[in-house]
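Reading the sequence shown from the start, the letters are residues 0 to 251 in numbering that gives the first Met the number 0.
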Amino acid sequence: MMDFKNLHQQNTPLLICNVWDVTSAKIAEKLNFKAVGTSSAAIAAMLGYRDGEEMSFSELEYIVKRITENTHIPLSVDLESGYSKEPSEIVEHIKRLVDLGVVGINLEDSFVNTERILLPTGKSSKIISEIKNQLTKENIHVFLNIRTDTFLLNHANALSETKKRIKHYENAGADGIFIPCIVLQEDIDYVVKSTSLPINVMYMPDLPDFDTLNTLGVKRISMGNFLFDTMYKNLETTINAILKGQSFTPIF
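The structure is reproduced here in structure tokens:
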């Protein structure tokens, strides 16, 4: 199995299938995806929570355990902002996930407190640095994909703020940078050229196709919770058709 870090240095972007349970992970494995990543929003919705760490870390840990015990595909976990404000506690969460076989972690530079708020760059960088130093000290190898929510939160100067944060996070020890909601080719080109770290983008309706993203130098593409949402929209459509037709024909 190719090392997870090396999967971010291929000639074509690493396409991550975002999963939320054993069945979705098994389907991705069957379809020969090279890696999967959990979607925090999908798992939260499945358990009846809103996204933003409303579920407990132990609930996330249980889902991850079931996935790793039933599949052999590299798994990255969306840890949101770490399920703690203390770097030492975030490290403990990461260690517990690594013990389950997890090879990558997503950490974001925003948190939800009634609404999502972007952390100051310096504070985010300090947290990342402390986490990375502790993991290195304990010889724990895991890919830290740092998500910056500048575009997701419509920051007034999203592009320049993103470049600034990327540099700080690179110096703090990030292995990759995830920028959800960036879609313009010129913006993607700009951030890719601003760093040596692999850039991860997420599906959005206006996101360029895979070939264009490859040309731009993107190294990782995620699906977010859109796959999960589409599946349940299709489920609702099917059930509605059964009710209207008074027949199970729509299933077959």
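Here a beta-carbon is modelled for each residue, glycine too, at the ideal position from N, C-alpha and C.
Only a predicted model underlies this, so the values are computations on that prediction, with no experimental measurement involved.
Leaving out five residues before and five after residue i in sequence, what residues of the same chain have Cβ atoms less than 8 Å from its Cβ?
i	result
residue 184	207, 211, 215
residue 252	The first residue shown for the chain is 0 and the last is 251, placing residue 252 beyond what the model contains.
residue 167	120, 121, 123, 124
residue 250	237, 241
Note down the Cα distance separating residue i from residue j, rounded to an integer number of angstroms.
i	j	result
residue 13	residue 235	31 Å
residue 89	residue 98	14 Å
residue 85	residue 172	17 Å
residue 25	residue 152	33 Å
residue 116	residue 137	31 Å
Using 10 angstroms around the beta-carbon of residue i, count the other beta-carbons present and answer buried if the total reaches 16, otherwise exposed.
i	result
residue 169	buried
residue 0	In this predicted model, residue 0 has a pLDDT of only 39, less than 50, meaning its place in the structure is not dependable enough to derive any value.
residue 164	buried
residue 204	exposed
residue 30	exposed
Got a sec? Which residues, its chain only, sit under 6 Å from residue i by beta carbon, not counting five neighbours each side?
i	result
residue 36	15, 17, 75
residue 174	142, 143
Compute the beta-carbon to beta-carbon distance between residue i and residue j, rounded to the nearest angstrom, for a pair I have assumed lies under 8 Å.
i	j	result
residue 118	residue 143	At roughly 16 Å, the Cβ-Cβ gap does not stay under 8 Å, so residue 118 and residue 143 are not in contact.
residue 41	residue 177	Not confirmed; about 16 Å, so no contact.
What are the boundary residues of the alpha helix (DSSP H) that includes residue i?
i	result
residue 23	21 to 29
residue 65	56 to 69
residue 199	That residue, residue 199, is in no alpha helix (DSSP H); its beta strand (DSSP E) goes 198 to 201.
residue 98	86 to 98
Leaving out five residues before and five after residue i in sequence, what residues of the same chain have Cβ atoms less than 7 Å from its Cβ?
i	result
residue 246	none
residue 94	139
residue 55	none
Provide the residue span of the beta strand (DSSP E) that contains residue i, from first to last.
i	result
residue 142	142 to 146
residue 219	219 to 221
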